[in-house]
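Below is one structure, written out as structure tokens; the observations come after it.
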């Protein structure tokens, strides 16, 4: 975007210099002065358009970046909540099963599965 602005500045600067040179060579020519004024006005309009385009693109990129950051922050908060939940557990917590309790629970689950297959027949 910056190179485009510099290129336009150079083009209009060269045209303006040419018109000024023509104006000074023909001092009685009012048309050259009007052309210089028109050229400056056109340059200002095009620069404003380029700045507006740059601003639009910049805002779009910023909003895309912000939405991505928001998604990452939400995912981070979910992970932190999950971590805080399990961080509170210790060995004395009654909700945490010991290996023997876990084996017993698996045995009970197997019995229920066997009953389920038996009664479905």
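Residue numbers (UniProt numbering): 1 to 121. Each residue gets a CB set at the ideal place from its N, CA and C atoms; glycine is no exception. These figures come from a predicted structure and were not determined experimentally.
Check: Residue 19 classed as buried or exposed, judged by whether at least 16 other C-beta atoms fall within 10 angstroms; Outcome: buried
Check: Simplified DSSP state of residue 113, which is helix, strand or coil; Outcome: helix
Check: Chain-order list of residues whose beta-carbon lies under 8 Å from that of residue 15 (same chain, five-residue window excluded); Outcome: 39
Check: DSSP three-state assignment for residue 97, whether helix, strand or coil; Outcome: coil
Check: Residue 41 to residue 11 span [Cα, whole Å]; Outcome: 14 Å
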